[in-house]
Amino acid sequence: PTDNLFFKFGQWYSVLLGGFWPVAILGNILIFIYPNLPNTKLIQNIKSGNKMLEDMTKKDVIKIRVEVLIIILFWSSLIYFLQIDIFNFFLLFAAGGFNWSTRQYITHAFSKRSVWDGAINLKTNIIQEKLLLNGNWDLEHHLFPYLPWTYLKKSGKIKGTERNYLSQYFSMWGGPIPNHQSAPSPISREEYFKNRMSDSITTDNI
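Per our numbering, the sequence shown starts with residue 1178, numbered consecutively.
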């Protein structure tokens, strides 16, 4: 309720309209150009950005820069040697990015404000489920991050879910709603995985 509504609605609809995809790409390119980006005041002053990148090591930065270079070389080579039309390439690339971006928050919208339970499982058809690698069972991924994706559905079916993927998606277009739950205390990536490892289930249990 205390959030800036203009900023919050902007965040919400930018994700639904595909805005998260170019931001993710831009972030990696900026780190490729300026490796010290995570330590700048700009990032440190953003609470979510600060927490997201606080565990990033020099080794992670090197890995990102190498991967970005490989991706650039790979796609540049394909475009050049196969004479791929640039416009069509970026059109299809943007379409894929839009689809990816619109799905990023669907399993988190209207969920509990919790580090552990801040996701939901969604029912969908078997084809989409396979394409998403069972990503619609996101609560299971939060609770048991070490559980292979092939077992997420089996784990989720134990709890059951009444929410449908499409109805959840369309309800998001109604915009964000006030949430009066207390904000969870931020934790580090190391702490998260340490706690989840101790509580994790194995494939033998399901």
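Virtual Cβ for every residue (Gly too), placed ideally from N, Cα, C. All values reported here derive from a predicted model rather than from experimental measurement.
Cα-Cα separation between residue i and residue j, rounded to whole angstroms
i	j	result
L1246	H1357	44 Å
K1218	G1195	27 Å
A1360	M1233	24 Å
L1329	S1253	36 Å
L1299	F1186	24 Å
V1292	L1182	23 Å
L1214	P1322	28 Å
F1184	D1237	30 Å
S1362	F1270	37 Å
L1308	L1316	18 Å
W1277	L1203	15 Å
Check whether residue i and residue j have beta carbons under 8 Å apart
i	j	result
T1301	L1193	no
N1313	Y1342	yes
F1264	I1256	no
R1242	P1212	yes
L1230	I1220	yes
I1283	Q1345	yes
G1295	H1285	yes
F1197	Q1305	no
I1303	R1340	no
W1189	P1325	no
Secondary structure of residue i, DSSP reduced to three states
i	result
W1293	coil
W1277	helix
I1354	coil
P1325	coil
N1213	coil
L1219	helix
S1362	coil
Q1260	coil
Y1346	helix
L1309	coil
I1283	coil
Opening and closing residue of the alpha helix (DSSP H) in which residue i lies
i	result
F1186	1182-1193
D1232	Premise fails: D1232 is in no alpha helix (DSSP H) and is neither H nor E.
S1288	That residue, S1288, is in no alpha helix (DSSP H); it is neither H nor E in DSSP.
N1205	1197-1210
Which residues DSSP lists as bridging residue i, in chain order
i	result
K1300	N1341
W1314	N1298
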